[in-house]
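Residue numbers (our numbering): 3 to 250.
Yeah, the Cβ is synthetic: ideal placement off N, Cα and C, and Gly gets one too.
Take a look at the structure set out below.
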Amino acid sequence: MSDLGRPYISVIIPAFNEATRIVPTLREVVGFLQEKPYRWEVIVVDDGSTDGTARIVDEWSKSNPAVKLERAPHRGKGWAVRRGMLSAAGANRFMCDADLAMPISGLDQFLAQMKRGYDVVIGSREIEGARRFDEPSYRHLMGRVFNWATRVCALRGFQDTQCGFKCLSEQSAKQLFELQTTPGFGFDIEILYLAQKKGLRVLEMPIDWRHQPQGKVRPGIDSVLMLRDMIRVRWNDVRGVYDRPPRD
Ligand SMILES: Nc1nc2c(ncn2[C@@H]2O[C@H](COP(=O)(O)OP(=O)(O)OP(=O)(O)O)[C@@H](O)[C@H]2O)c(=O)[nH]1
Ligand SMILES: [Mg+2]
């Protein structure tokens, strides 16, 4: 049941040069959602892939109108997710990495927590109950150091800000992504910072995580850029950037 009326869930997949991963991912995600009693849509946001990702998704959307392609100029993951979140129609909006490091069946738990009244539910690889598979230990260590730096510099209260699986209600997606300024990988911190600032109910939920090779994040340089972005978030706040009244 995916073609009539307003979706209960929009699954937003940012995709940059994902031609090899996007087909198995769409197969899994669409296969999972097709069994559900609720309406849904999948939005793939491609911002300038050069490997034919957009063409593949376009083909899918011809045979399945609930799969949509959004195209944008290249600006980074953060801006792609923003585009998807703000163009979505769902009552719940779920961002989902194209590598499906969390099996899509985990979506059920997110929706169950949203039903309990949370505004934002974020997947976590660090809190009790999370299970990580196949991750090189240097990568895990880098993640822990980064999360520690995040807590020191910008944002307390979360063990894992960077997980690529997060669910927001329609209202919180609009409220937070409207205010987003970070185009790259640091956007998660800004969104969570804003969620705290606006007093939203956020749950950090343990997930199963299977490390996938050929990731897009370059651990060294991207960590530095994200640290710069989180300092910028603090500076934006001081300057009142986040105090703008919401648009209608
Ligand atoms: N549209 C768009 N998507 C991007 C961009 N950079 C990364 N992504 C997407 O963001 C998601 C996350 O990238 P991954 O390759 O999973 O990152 P990773 O290196 O595995 O990082 P972890 O999952 O945290 O271990 C994927 O769906 C990418 O295609 C970008 O510039 N534009
Ligand atoms: Mg990944």
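Query: Beta strand (DSSP E) segment containing D239, residue limits; Result: It is not in any beta strand (DSSP E) - D239 instead sits in the alpha helix (DSSP H) that spans P221 to V240.
Query: Test item: CB-CB of R127 and W211 under 7 Å; Result: yes
Query: Inter-residue spacing [alpha-carbon to alpha-carbon] between M232 and I193; Result: 11 Å
Query: Sequence-distant residues of the same chain with beta carbon closer than 6 Å to L28, five excluded per side; Result: W62
Query: Between the CA atoms of V235 and L35 - distance to the nearest angstrom; Result: 36 Å
Query: I14, DSSP secondary structure in three states; Result: strand
Query: Rounded separation between T183 and R134 - CA only; Result: 31 Å
Query: Under the three-state DSSP convention, the category G159 falls into; Result: coil
Query: Those residues which DSSP pairs with F135 across a bridge; Result: R212
Query: Inter-residue Cα distance where the pair is N94 and L143; Result: 32 Å
Query: Element boundaries [alpha helix (DSSP H), containing M116]; Result: L109 to K117
Query: For Y10 and S51, the rounded distance between their alpha carbons; Result: 29 Å
Query: Close beta carbons around R82, own chain, < 7 Å, minus the five adjacent residues each side; Result: Residue identity check: residue 82 is Ala in the sequence provided, not Arg. Here the set comprises P16, V47, D49 and A74.
Query: Cα-Cα separation, Q164 to D190; Result: 6 Å
Query: Heavy atom of ligand 1 within 6 Å of A100 beta-carbon; Result: yes
Query: Between the CA atoms of E206 and L71 - distance to the nearest angstrom; Result: 29 Å
Query: Simplified DSSP state of K38, which is helix, strand or coil; Result: coil
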